[in-house]
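Chemist: Right, I'll just put the structure down here and ask away after.
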Amino acid sequence: MFAFPSAPLRVLQLSDPHLFANADGHLLGITTRASFDAVLALAIATPAAALILTGDLVHDDSAVGYAALHARLSTVNCPTHCLAGNHDHSELLQAHFGIAAIAPIQQVWLPPWKLLLLNSQVTGRNHGSFQRKQLAELKQQLTKDSAPTLIFLHHQPLPIHSRWLDTLAVENGAELLQLCDQHSQVKAVIFGHIHQEFAARRGGYQLLGAPSTCVQFLPESDDFAVDEQRQPGYRELLLNANGTLTTRVVRLAHYHESPQLKSKGY
Ligand SMILES: [Fe+2]
6 MFAFPSAPLR
16 VLQLSDPHLF
26 ANADGHLLGI
36 TTRASFDAVL
46 ALAIATPAAA
56 LILTGDLVHD
66 DSAVGYAALH
76 ARLSTVNCPT
86 HCLAGNHDHS
96 ELLQAHFGIA
106 AIAPIQQVWL
116 PPWKLLLLNS
126 QVTGRNHGSF
136 QRKQLAELKQ
146 QLTKDSAPTL
156 IFLHHQPLPI
166 HSRWLDTLAV
176 ENGAELLQLC
186 DQHSQVKAVI
196 FGHIHQEFAA
206 RRGGYQLLGA
216 PSTCVQFLPE
226 SDDFAVDEQR
236 QPGYRELLLN
246 ANGTLTTRVV
256 RLAHYHESPQ
266 LKSKGY
């Protein structure tokens, strides 16, 4: 009997919303709650199987900011999963989203796919790092289970040709990539933190960075620089039952605020 192939699973990555307690709070000229709401509305206008938020959820260490995010996500009609970025407060993140949000490895099943969310946060620092036992556990999981796998984390695990951002990567990201090299079920390593689109291929998997839902950083810049040309956006991943995927970055067609170009940092 002929069987129609099942529709791909649509997974959304939203990253670096940098929300504030105050609904009017802004980062470098962008009101982050408003831009997040606009990107989220665009993303979920088409049904999705899961939404992954890859860190820097709240910028001002506020319980109100995390509560507002939790309330907003509770209206979304699909499962949502968060992981920590360098700007996140891990106790507040855990208080609002549970222990899974700060676990070394968070597992999300979307049969036949498996999503692994790695915590790369180093408390009080802007770069990332993996714990030795975290990488050992990941190796064990990849060895025992061959389901097609996506790995999500906050920090980029490889240089992206931007001098200032390359000092803020995961310091032992090369170890993650070497591990992925040995496990052909890994189809993509997906990250936030860099506030810009990025795509590369290494062997059998893709390396994918996403725009922020608020301020964009200028690609391939030696020093901190804001990108005024590109709008807030998200990454869409379409996961096929045969273990292949397609992906694209989708941005707002227009956003009414412009970033402050003269900023020296954030
Ligand atoms: Fe960020």
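Be aware that the sequence shown starts at 6, since it is given in my numbering, and climbs by one per residue. The C-beta atom is built at its ideal place from N, Cα and C for all residues, glycine as well.
(1) Which whole runs of the beta strand (DSSP E) in the stretch 229 to 257 are 3 residues long or more, in chain order?
(2) Identify whether GLY70 lies in helix, strand or coil by the three-state DSSP scheme.
(3) Consult DSSP for LYS192 and reduce its assignment to one of helix, strand or coil.
(4) By the three-class DSSP mapping on this structure, what secondary structure does LYS267 have?
(5) Just the Cα atoms here: how many angstroms apart are LYS267 and ARG235?
(6) Going by DSSP, what residues sit across from THR112 in a beta bridge?
(7) Opposite GLY133 in the DSSP bridges: which residues?
(8) Among the residues of its own chain, which have a CB less than 6 Å from the CB of PRO13, if the five just before and after it don't count?
(9) Below 7 Å, is the gap between the Cβ of GLY90 and the nearest heavy atom of ligand 1?
(10) Among PRO162, ILE199, ALA205, TYR71, which one has its Cα closest to the Cα of GLN221?
(11) Using the Cα positions of GLY208 and SER189, report the straight-line distance between them to the nearest angstrom.
(12) Quick check on SER217: buried or exposed, where buried means 16 or more other Cβ atoms within 10 Å of its Cβ?
(13) Using C-beta distances below 7 Å, list every residue in its chain close to LEU257, excluding the 5 sequence neighbours before and after it, in chain order.
(14) What's the C-alpha gap between LEU213 and ASP29?
(15) Would you report the Cα separation of ASN247 and VAL194, rounded to the nearest angstrom?
(16) Less than 8 Å separating the beta-carbons of HIS75 and PHE102?
(17) How close, in whole Å, do the beta carbons of LEU123 and GLN139 come, if the pair is a contact with beta carbons under 8 Å?
(18) Between ASP232 and HIS159, which are expected to be in contact by the criterion C-beta below 8 Å, what is the C-beta distance as a whole number of angstroms?
(19) Using a Cβ-Cβ cut-off of 6 Å (strictly less than) and excluding sequence neighbours within five positions of ALA68, which residues of its own chain qualify?
(20) If you check the beta carbons only, do PHE157 and THR59 fall under 8 Å apart?
(21) For SER125, I'd like the list of residues in its chain whose CB is within less than 7 Å of its CB, leaving aside the five on either flank, ordered along the chain.
Modeler: Looking at the atomic coordinates:
(1) 238 to 244, 250 to 256
(2) helix
(3) strand
(4) coil
(5) 16 Å
(6) Residue identity differs from the one stated: residue 112 is Gln in this sequence, not Thr. Bridge partners of GLN112: LEU121.
(7) GLN126, VAL175
(8) LEU243, LEU244, ASN245
(9) yes
(10) ILE199
(11) 9 Å
(12) buried
(13) ALA43, VAL44, LEU47, GLN236, PRO237, GLY238
(14) 31 Å
(15) 18 Å
(16) yes
(17) 7 Å
(18) Rounded, the Cβ-Cβ distance is 20 Å, inconsistent with contact.
(19) LEU97
(20) yes
(21) GLY133, SER134, PHE135, LEU158, HIS159, HIS160, VAL175
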